[in-house]
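Q:
Numbering (my numbering), first residue to last: 6 to 145.
Here is the structure:
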């Protein structure tokens, strides 16, 4: 069987505060249509300069711990050279250096091959931009 490539985008509203938003179900629904039982790779990409994609545990506090760690590492204060937007917004532009704007994940038999506690999570610390686009691409 020849490899195929499928890609879609979807939009999310993340609000005006920091968020770790689980998008695993959206990834799985996309694969139900795009992968149809095949093996391959899912790429999750957020085309924004101030957001990232993490593969982490959610619901047990790890998502909140990640946001707290990012607040400590990247405080929203006046130290940043990138100064447009709300005070401290420059930190949001550094975020993708720590939480990449993409993740490439294995797909086996048309399903995400994640660990039992892993989820695909959009990380957004930028309250200035509450609308986000996510691109899902399957190659397999």
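Backbone N, C-alpha and C fix where the C-beta goes; we use that ideal spot for every residue, glycine too.
Closer than 8 angstroms by C-beta to residue 93: which residues in its own chain qualify, once you throw out the five before and the five after it? Chain order, please.
A: Closer than 8 angstroms at Cβ, skipping near neighbours: 80, 81, 82, 83 and 85.
Q: Starting from the Cα of residue 75, find the closest Cα among 38, 23 and 11 and give me that residue.
A: Considering only alpha carbons, the answer is 23.
Q: Among the residues of its own chain, which have a CB less than 8 angstroms from the CB of residue 112, if the five just before and after it don't count?
A: Once the five neighbours on either side are set aside, the close Cβ partners of residue 112 are 36, 40, 43, 44, 45, 46, 47, 118, 143 and 145.
Q: Where residue 103 and residue 34 are concerned, what is the direct C-alpha to C-alpha distance, given to the nearest angstrom?
A: Residue 103 and residue 34: Cα-Cα distance of roughly 28 angstroms.
Q: So the candidates are 128, 62 and 138; which of them puts its Cα closest to the Cα of residue 101?
A: The candidate whose alpha carbon is nearest that of residue 101 is 128.
Q: Does the beta-carbon distance from residue 61 to residue 51 come in below 8 angstroms?
A: No, the pair does not count as a contact, with Cβ atoms beyond the cut-off.
Q: Measuring alpha carbon to alpha carbon, tell me which residue in 11, 53, 67 and 64 is nearest residue 134.
A: The shortest C-alpha separation from residue 134 is found at 53.
Q: Contact defined as beta carbons within less than 8 angstroms: I believe residue 25 pairs with residue 126. What is the distance between those atoms, to the nearest angstrom?
A: Yes, they are in contact, since the Cβ atoms of residue 25 and residue 126 sit about 5 angstroms apart, within 8 angstroms.
Q: Compute the beta-carbon to beta-carbon distance between residue 16 and residue 137, rounded to the nearest angstrom, for a pair I have assumed lies under 8 angstroms.
A: Their Cβ separation, rounded to whole angstroms, is 7 angstroms, which keeps residue 16 and residue 137 in contact under 8 angstroms.
Q: Identify, in the order they occur along the chain, each residue of the same chain with its Cβ nearer than 7 angstroms to the Cβ of residue 21, setting aside the five sequence neighbours on each side.
A: Here the set comprises 132 and 135.
Q: When the Cα of residue 96 is compared with those of 120, 64, 130 and 19, which residue comes out closest?
A: When only C-alpha atoms are compared, the closest one is 130.
Q: Could you tell me whether the Cβ atoms of residue 87 and residue 98 are closer together than 8 angstroms?
A: Cβ atoms of residue 87 and residue 98: closer than 8 angstroms.
Q: What does the Cβ neighbour count give for residue 124, buried or exposed, with the cut at 16 atoms within 10 Å?
A: Buried.
Q: Alpha carbon to alpha carbon, what distance is there between residue 73 and residue 31?
A: Those two C-alpha atoms are separated by around 25 angstroms.
Q: Can you list, in chain order, the residues of its chain with a C-beta nearer than 6 angstroms to that of residue 91? Leave out the 5 residues immediately preceding and following it.
A: 133.
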